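FYI, my numbering numbers position 122 of the sequence shown as 123, with every residue one higher than the one before it. Ideal Cβ placement from N, Cα and C applies to all residues, glycine included. All values derive from a computational prediction rather than experimental measurement.
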Amino acid sequence: MSLRLRLLNVALRTFARPLIARVVDPALLRRPFDRVGRRLLQPAPFSLLRETELAPGLPALIVSNRPGSHPVRLRKVVLHLHGGAFIAGHPPGFARMLARLARLTGCEVIAPDYRLAPEHPFPAAVRDARSAWDGLIARGYQPEDVVIGGDSAGGNLALGLLAALLSEGIRPAGLYAFSPVTDLTFSGASIRANEGSDRLLPAARRGDLVRFYLGGAAPDDPRASPLLADFAAPPPVFLQFSETEILADDSRRMAAKLRAAGAVVTLDSWPDAPHVWVLFDGFIPEAREGLKRAAAFVNARFDGDQAKVSEAGRR
């Protein structure tokens, strides 16, 4: 563990975790979440950010490399669904992480600004995720041109989208997820076993998460808990998580479920890292390494096409 990661763990446990445990109003939780994204997690100068609309009323952020600065992979795209417990976050707050993925893969990364609960409870975000996919297809992308990704709650939406697409015989190129929440019944043993070791997420707030996001819907609805969904002939999947987070079993059990359905799953477990530590690219070396592993997965899904202009300068 690097010294910077040790310091980050202390900071999260000292400041972020108590705030999440104490503040019950989603609107108040959004403010520090958005402030950190605006002030600390902005992308490097090599990236280019553009706004678009994937569907009527569904804005999105396109993150790519500046022309001529790094390799570009044409007509291949990453659809990334951001985290934030379904109640917080907007794509610009994740731009630093997404810019690194764009740099490492040469792909455009498109992040929809889906509707948030509790103002827009389940299944609004699920529908927006599907609208984002349909918007990409309407732009001429084929399913094999798209890798779906997400972090935390966005990983939930990504996996739910994958299950829905597979049920219709649509097979994306692959899927990655960082610390996804896959089971809103919270039946995994790590919810309690890792309560003392998770640097960010207090297990005691899981009931509030369900209430804010689901409203009156059942947490065992497969659209809300992809661990309970069916996956017909899934593509390769990359799941990254920390062994010390309360959601560790969400990744482990999801991997087992997907493997049973025939998927090739890379389960990338890390010791002593906080929830979705890859957000802190440029601050901790573990974030860069974690993103390199995810990017290697994306590149493996797309390699073989002749659309990449150059491999030079990638790092």
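Cβ separation of tyrosine 177 and phenylalanine 298, assumed to be a contact under 8 angstroms, to the nearest whole Å: As a working mapping, residue 177 is identified with position 176 in the sequence shown. As a working mapping, residue 298 is identified with position 297 in the sequence shown. Contact flag correct, Cβ pair sits at about 6 angstroms.
Sub-7 angstroms separation of leucine 167 and proline 227 beta-carbons: Here residue 167 refers to the residue found at position 166 of the sequence shown. Here residue 227 refers to the residue found at position 226 of the sequence shown. No. Outside cutoff.
Unbroken stretches of the beta strand (DSSP E), 3 residues or longer, contained in the segment 210 to 297: 238 to 243 and 266 to 271
Glutamine 241 burial status per 10 Å Cβ neighbour count (16 or more: buried): Here residue 241 refers to the residue found at position 240 when the sequence shown is read from its first residue. With 16 or more other Cβ atoms within 10 Å, it is buried.
Beta-carbon gap between leucine 13 and arginine 200 smaller than 7 angstroms: Along the sequence shown, read from residue 1 onward, the residue named residue 13 stands at position 12. Along the sequence shown, read from residue 1 onward, the residue named residue 200 stands at position 199. Leucine 13 places its beta carbon less than 7 angstroms from that of arginine 200.
Per-residue burial, threonine 15 [other beta carbons within 10 Å of its own, 16 or more giving buried]: Along the sequence shown, one-based indexing puts residue 15 at 14. With fewer than 16 Cβ atoms within 10 Å of its Cβ, threonine 15 is classed as exposed.
Bridge-paired residues (DSSP) for proline 113: Along the sequence shown, read from residue 1 onward, the residue named residue 113 stands at position 112. For proline 113, which the question treats as bridged, DSSP gives the partners Ala61.
As assigned by DSSP and simplified to three states, the class of valine 79: For the purposes of this step, residue 79 is identified with residue 78 of the sequence shown, where counting begins at 1. Looking at valine 79 - three-state DSSP - the assignment turns out to be strand.
Alpha carbon of glycine 150 to alpha carbon of leucine 82, nearest angstrom: By one-based count along the sequence shown, residue 150 stands at place 149. By one-based count along the sequence shown, residue 82 stands at place 81. Glycine 150 and leucine 82: Cα-Cα distance of roughly 6 angstroms.
In DSSP terms, what alanine 51 is bridged to: As a first step, residue 51 must be located in the sequence shown, where it is residue number 50. Here residue 51 is arginine; the residue named in the question, alanine, does not match the sequence. In the DSSP output, where bridge partners are listed per residue, arginine 51 has Ile63.
At least 3 beta-carbon pairs within less than 8 angstroms: the segment 22 to 34 vs the segment 79 to 93: yes
Segment limits, beta strand (DSSP E) that includes aspartate 152: Position 151 of the sequence shown, counted from the start, is the residue given in the question as residue 152. Its beta strand (DSSP E) spans residues 147 to 152.
Bridge-paired residues (DSSP) for glycine 339: Missing from the structure shown is residue 339; the chain here goes from 2 to 316 and no further.
For alanine 56: DSSP bridge partner residues: To locate residue 56, count along the sequence shown from 1; it is residue 55. The partner list for alanine 56 (beta bridge, DSSP) reads Leu59.
C-beta atoms of isoleucine 192 and arginine 5 nearer than 7 angstroms: Taking the first residue of the sequence shown as 1, we reach residue 192 at position 191. Taking the first residue of the sequence shown as 1, we reach residue 5 at position 4. No, the pair does not count as a contact, with Cβ atoms beyond the cut-off.
Isoleucine 138 - containing alpha helix (DSSP H), residue span: Translated into the one-based positions of the sequence shown, residue 138 becomes position 137. Where isoleucine 138 is concerned, the enclosing alpha helix (DSSP H) stretches over 125 to 139.
Bridge partner(s) assigned by DSSP for arginine 101: On the sequence shown, position 100 is the one that residue 101 refers to. Answer is none; arginine 101 lacks a bridge partner.
Meets three-Cβ-pair contact criterion under 8 angstroms: the segment 263 to 273 and the segment 238 to 255: yes
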